[in-house]
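To start, the structure under review is shown below, and the notes come after it.
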Amino acid sequence: MAKRGTHYRKRRSGGAVLLCCLLCAAAIGAAVYFGWEYLGQSIPAGAAAESGPLSSLEGTEPSSADPVSEASEPEPAVSSEPEPEPVVTTVRVSASGDNLIHDGIYLQAKKRAAAAGEDGYDFAALYEHVAPIYQEYDLNLINIETLVSDELEPSSYPRFCSPGDVARELYDIGMRGFFLSNNHIYDKGEEGIASTLRFWESMPDDCFTSGLYCGEEDYGNLAVYEKNGVTFAFAAYTESTNGLPTPAGAEANVIYTSEEDVIRTQLAEASQKADVVVVSVHWGVENTHEVSDSQRALAQKLADWGADIIIGTHPHVIQPVETVTASDGQSVPVAYSLGNFVSAQDRVDNLIGMVLGFEAEKTVQPDGSSETVVKNLSATPVVMHYDKWYANMRLYLFSDYTEELAASHGIGNMSTSYIQSVLEENIAKEYWKLP
């Protein structure tokens, strides 16, 4: 792209330039010849020798037939090209909370597949009521709270492993970014890590994971994803792994939130690679809406080190969406907890989650410089529903969740008014999105 104020003109061909020069030379020669002819007839003999050729012209009137005329100055070329304008690109992003697959969920999926005469697991009914909203976004992210494998037997609390079909269903509804750093990632030891790595390697090339690193030499290899000209870098960290150490011989490991030097280095490198640095952090205290002091302290550090938006998970309930001011003055949004996405937990607050939405707006100036801002945050509430005895599990948008559905919930004390109160107490209404 040309710089501001610079215009380009087409070059003339070589033959045209030569012809122009010959015509100009002929015209000058003719003017000189006829001019001297005229002067030679009107100047007395010897006058030129006494006063010189210039003084000899004093007092003479120019002849109307004088063929000599002043050469006109060429006018500067005016470009018809418009001034270049900044180019603005917007990418819409969503992030969903903990995809926590208890045994009741995957056993129902297995029954649905068997009823259709198919092998494997059918999770379509679980997500079908929320699936349409993901078409509104250009990039969809989610926290995968369990190992995922086609090789290991599915299992539930306290050591989770989910069938690969659940991740494939998430992909089908539009998910492309999967955060893996959480407290259950070491639930199956070395074998679990190896198996889940193989599974994610088998997924389509247009999806990515963040949060597992193949040793320290891999720490600089952050997930980078480009969408519509905007580049995102992703980093994911966890506060704990339920007391389980990194398995001996494991092919990959997580980075703990306590490893601050590693995180600082990663985010500095990410800021150089990407327009937007997205950080997922698995932190906080389970089953409380209160943000802990340690969460706030770490959020400030992450913002200072280069995070552009911070997405929190783990408490299994929603926590506030706020902003912190980074050391460079930038406002950094923090969603302290998105709550659960799907689960079979049995407290009302565990069944209320939110889908975070935001826009990454990139402005590229004519000189090539650019700036990207994160803006227009939103929170779309979701409700996990099941009938009596945990039957017929499925997820709804709160905007579609009726009082009749609430009254039929297997938990017994569900109501839309209570859901409303939880949302009002924890999420500022300016962020609510009720499609």
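Each residue of the sequence shown is one higher than the one before, counting from 197 in my numbering. All C-beta atoms, glycine included, are put in the ideal place defined by N, C-alpha and C. Here the structure is a predicted model, which is why all the values come from computation and not from measurement.
- Task: Write down every uninterrupted run of the beta strand (DSSP E) in the stretch 275-311 whose length is 3 residues or greater and which is fully enclosed by it, in chain order.
- Result: 283-295
- Query: When you compare each of H605, C403, T285 and E277 to T559 by their alpha carbons, which one comes out closest?
  - Reply: T285
- Message: Taking the alpha helix (DSSP H) that R364 belongs to, which residues open and close that run?
- Response: G360 to D368
- Message: For N379, which residues in the same chain have their Cβ closer than 8 angstroms to its Cβ, ignoring the five residues on either side in sequence?
- Response: T434, E435, S436, T437, N438, H478 and H510
- Query: Between which two residues does the beta strand (DSSP E) harbouring F375 extend?
  - Reply: G373 to F375
- Task: Determine contact between the stretch 613-629 and the stretch 572-582, defined as no fewer than three beta-carbon pairs at a distance below 8 angstroms.
- Result: yes
- Ends of the alpha helix (DSSP H) at S617? T612 to N622
- Message: At the level of alpha carbons, what is the spacing between C357 and E341?
- Response: 9 angstroms
- Query: Between which two residues does the alpha helix (DSSP H) harbouring R394 extend?
  - Reply: G385 to S398
- For the alpha helix (DSSP H) containing L463, list its first residue and its last residue. E456 to K469
- Query: For N572, which beta-bridge partners are listed by DSSP?
  - Reply: Looking at the DSSP assignment, N572 forms no beta bridge with any residue, so it has no partner.
- Message: Can you tell me which residues form a DSSP beta bridge with K497?
- Response: Note: K497 sits in no beta bridge, so no partner.
- Which class does F594 belong to by DSSP, given the choice of helix, strand or coil? helix
- CA-CA distance, T521 and I301? 41 angstroms
- Helix, strand or coil at Y415 [DSSP, three-state]: coil
- Item | Residues near E621 by beta carbon distance below 6 angstroms, same chain, minus five either side | none
- Message: Quick check: what's the CA-CA separation for N483 versus V517?
- Response: 17 angstroms
- Message: My assumption, with CB atoms under 8 angstroms, is that Y532 sits in contact with V487. Please give the rounded CB distance.
- Response: 5 angstroms
- Query: Roughly how many whole angstroms lie between the Cα atoms of N546 and F537?
  - Reply: 9 angstroms
- Item | Cβ-Cβ separation, A432 to S377 (assumed contact under 8 angstroms), whole Å | 4 angstroms
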